[in-house]
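**Student:**
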Amino acid sequence: PVYLDHNATTPLAPEAREAMLRWLGEDFGNAASAHSFGRRARAAIDLARQQVAEAVNAHPTEIVFTSGATEANNLILKGFAATQTPSVLAISGIEHPSVSEPARQLARAGWKLRTVAVDREGRVDPDDYARALSESPRLVSVMSANNETGVLQDIPALAAQARSAGALFHTDAVQALGRIEVDFRASGVGAMSLSSHKIGGPLGAGALIVDKRVELAPLLAGGGQERGLRSGTENLAAIAGFGMACARAVRDRGRFAQVANLRDRLEQELRARGAVVFGEGAPRLPNTVFFAVKGVAGEALVSRLDREGFAVASGSACASAAPEASATLLAMGVETGLAHCAVRVSLGTDNTFDEVARFLQALARSLGELKGLVAQAA
Ligand code: PLP
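Here's what the structure looks like:
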């Protein structure tokens with residue numbers, strides 16, 4: 006089968022696997038130990054910290070390793086909120102559940118949750134953003150790139166405005182990392198979340214990059230690892246693999262120009278077949294196409310394509326257990342019926358022109374069949 010669902014997760018890169026194998030095989034250690042085993046473990050974590058820092062232009066001491074971006078997002082929202090008296094928290098209307106759900110938890114604990122509107126293309130609405138900032142939020146969180154549409158936000162501009170309004174600005178950069186330039190320092194954000202498994206690293210690793218002036222309470226208290234912000238003996242293999250995946254992502258960034266060519270070819274054909282491409286007028290990730298063919302249910306198309314040997318997603322994988330329409334599309338003002346037809350193709354650097362051509366043939370067959378069914382039912 007051909008894998009076209011890289012926004013859900015990515016295959017493990019050979020370099021990352023290699024870096025992990027050492028800690029799953031001959032070597033082991035607790036990085037807190039004073040002996041040689043501990044020193045080797047510490048050195049491996051230091052290397053990974055350096056590699057992550059270099060990938061996003063941050064200082065190694067600003068990196069807090071976590072179990073993934075879900076934990077990083079929870080740490081910044083809840084960890085920051087725990088140091089404040091409840092006031093206003095602002096997030097965009099299209100955040101991943103790992104931001105919007107902790108935000109809702111905070112709202113139940115006395116915070117005022119301000120959700121910022123997006124326009125029809127999925128970009129943060131500048132007027133509503135300004136209005137939200139005028140309510141003096143303590144924390145603002147806006148994702149760099151949306152996992153479903155791939156639509157990018159102007160993070161440096163949004164961060165600068167939030168800073169002027171006295172807020173801490175956080176961005177979930179999970180989908181941006183490795184696909185477009187991500188620069189912690191230059192973007193002026195106070196905090197940023199990353200995930201390993203979206204860039205060819207292992208599942209179960211990620212990081213919160215956070216300015217050291219930001220006061221945070223840990224979610225997990227204990228032995229004081231990760232500057233006291235994330236206690237627990239470090240998951241060496243996963244962290245080493247994450248570090249190596251970051252190094253590879255930096256090296257391979259150029260390959261996304263080729264991915265954009267494949268994406269363009271795909272979109273051209275989709276439009277010719279009458280598909281709507283969501284967020285098409287906005288700057289987007291080079292690898293993502295979120296589209297719908299009116300009258301053809303997304304779920305049905307995904308399972309038909311799966312039988313043809315192509316792995317794509319309807320809505321986001323994380324929410325696919327729930328058969329609801331994409332919250333991102335609804336926030337963009339897409340009508341519910343059309344939102345139910347949405348299908349996401351997310352390419353990786355290993356996908357080929359031939360695979361995309363074969364996918365388009367399979368799509369044509371699938372659409373022909375499913376539209377026939379719709380016509381029969383009508
Ligand atoms: N944020 C975004 C935008 C995502 O796409 C994902 C992936 O599902 C996450 C956060 C969660 O990352 P993780 O799987 O590392 O917890």
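Using the working numbering, you'd call the opening residue of the sequence shown number 6 and step up by one each time. Built from N, CA and C at the ideal position, the CB exists for glycine as well.
1) Tell me, to the nearest whole angstrom, how far the beta carbon of A265 is from that of I204; I am working on the premise that it is less than 8 Å.
2) Leaving out five residues before and five after G303 in sequence, what residues of the same chain have Cβ atoms less than 8 Å from its Cβ?
3) From which residue to which residue does the beta strand (DSSP E) around K117 run?
4) Spatial neighbours of E67 within its chain, please: CB distance less than 8 Å, with the 5 preceding and 5 following residues excluded, ordered by chain position.
5) Run the proximity test for H101: is its beta-carbon closer than 7 Å to any non-hydrogen atom belonging to the ligand PLP?
6) Cβ atoms of G286 and E153: under 8 Å apart, would you say?
7) Pop quiz: I81 and H175 are said to be a contact at Cβ under 8 Å. What is the actual Cβ separation, rounded to whole angstroms?
8) Between which two residues does the beta strand (DSSP E) holding R349 run?
9) Which word fits A191, buried or exposed, when buried means at least 16 other C-beta atoms lie within 10 angstroms of its C-beta?
10) Can S200 be considered in contact with the ligand PLP, in the sense that its beta carbon sits closer than 7 Å to one or more heavy atoms?
11) Please give the ranges of any alpha helix (DSSP H) in the stretch 106–160, keeping only runs that are unbroken, at least 4 residues long and fully inside the region.
12) If you compare alpha carbons, which of D359, M148, A164 is closest to R270?
13) Identify, in the order they occur along the chain, each residue of the same chain with its Cβ nearer than 8 Å to the Cβ of G233, setting aside the five sequence neighbours on each side.
14) Taking DSSP as the reference, what is the three-state secondary structure of I185?
15) Just tell me which of G284, G373, V307 has its CA closest to the CA of L157.
16) Specify, as a first and last residue, the run of the beta strand (DSSP E) that S200 falls within.
17) Between G193 and the rest of its own chain, which residues show a CB-CB distance below 7 Å, the 5 nearest in sequence each way excluded?
18) Below 7 Å, is the gap between the Cβ of A74 and the nearest heavy atom of the ligand PLP?
19) Please report the residue range of the alpha helix (DSSP H) in which T75 lies.
20) Could you spell out the range, first to last residue, of the alpha helix (DSSP H) harbouring I50?
21) Locate the alpha helix (DSSP H) running through G248, then write down its first and last residues.
22) Sort out for me which residues DSSP pairs I68 with in a bridge.
23) Among H64, G353, D355, E313, which residue has its Cα nearest to the Cα of Q366?
24) Hey, would you say H101 sits closer than 8 Å to D177, going by beta carbons?
25) In angstroms with no decimal places, state the Cα-to-Cα distance between P16 and A87.
26) Give me the Cβ distance between R173 and V219, rounded to the nearest whole Å; I'm assuming they're in contact under 8 Å.
27) Let me know if Q381 comes out buried or exposed under the rule of 16 or more other beta-carbons within 10 Å of its beta-carbon.
28) So what does DSSP say about L368, is it helix, strand or coil?
29) Go ahead and pull the three-state DSSP assignment for R168.
30) Taking the C-alpha atoms as reference points, what is the distance between G43 and E23?
31) How far does the beta strand (DSSP E) with V294 in it reach, from first residue to last?
**Tutor:** Working from what's here:
1) So it is not a contact: roughly 17 Å between Cβ atoms.
2) If we look at G303 and ignore the five residues flanking it on each side, its Cβ neighbours are A297, S319, G320, H345, C346, A347, V348.
3) Per DSSP, K117 belongs to the beta strand (DSSP E) from 117–121.
4) Taking E67 as the centre and dropping the five residues before and after it, the same chain places the C-beta of A58, F189, I214, V215, D216, K217 closer than 8 Å to its C-beta, in chain order.
5) Answer for H101: yes, Cβ within range of the ligand PLP.
6) Not closer than 8 Å, so no.
7) At roughly 5 Å, the Cβ-Cβ gap stays under 8 Å, so I81 and H175 are in contact.
8) 347–351 is the extent of the beta strand (DSSP E) around R349.
9) Exposed, because fewer than 16 other Cβ atoms sit within 10 Å of the Cβ of A191.
10) Yes; taking the cut-off as 7 Å, the Cβ of S200 has a heavy atom of the ligand PLP nearer than that.
11) Qualifying alpha helix (DSSP H) stretches, in chain order: 131–138.
12) Measuring from the Cα of R270, the nearest candidate turns out to be D359.
13) Answer for G233: P223, listed in chain order.
14) The answer is coil: DSSP assigns I185 none of H, G, I, E or B.
15) When each option's Cα is compared against that of L157, the closest is G284.
16) In the DSSP assignment, S200 falls within the beta strand (DSSP E) that extends over 196–200.
17) Here the set comprises P161, A164, A165, R168.
18) True, at least one ligand heavy atom lies under 7 Å from that Cβ.
19) Element bounds for T75: 74–86.
20) Here the alpha helix (DSSP H) through I50 covers 41–61.
21) Annotation for G248: the continuous alpha helix (DSSP H) segment containing it runs 241–256.
22) I214.
23) The option with the nearest alpha carbon to Q366 is E313.
24) Going by beta carbons, H101 and D177 fall inside the 8 Å limit.
25) Rounded to the nearest angstrom, the two C-alpha atoms are 37 Å apart.
26) Here residue 173 is Leu; the residue named in the question, Arg, does not match the sequence. Contact between L173 and V219 holds, with the beta-carbon distance rounding to 6 Å and staying under 8 Å.
27) Residue burial is scored here from C-beta neighbours: Q381 has fewer than 16 other C-beta atoms within 10 angstroms and is therefore classed as exposed.
28) Looking at L368 - three-state DSSP - the assignment turns out to be helix.
29) If DSSP states are grouped into helix, strand and coil, R168 belongs with the helices.
30) G43 and E23 have their C-alpha atoms roughly 20 Å apart.
31) First-last of the beta strand (DSSP E) with V294: 293–297.
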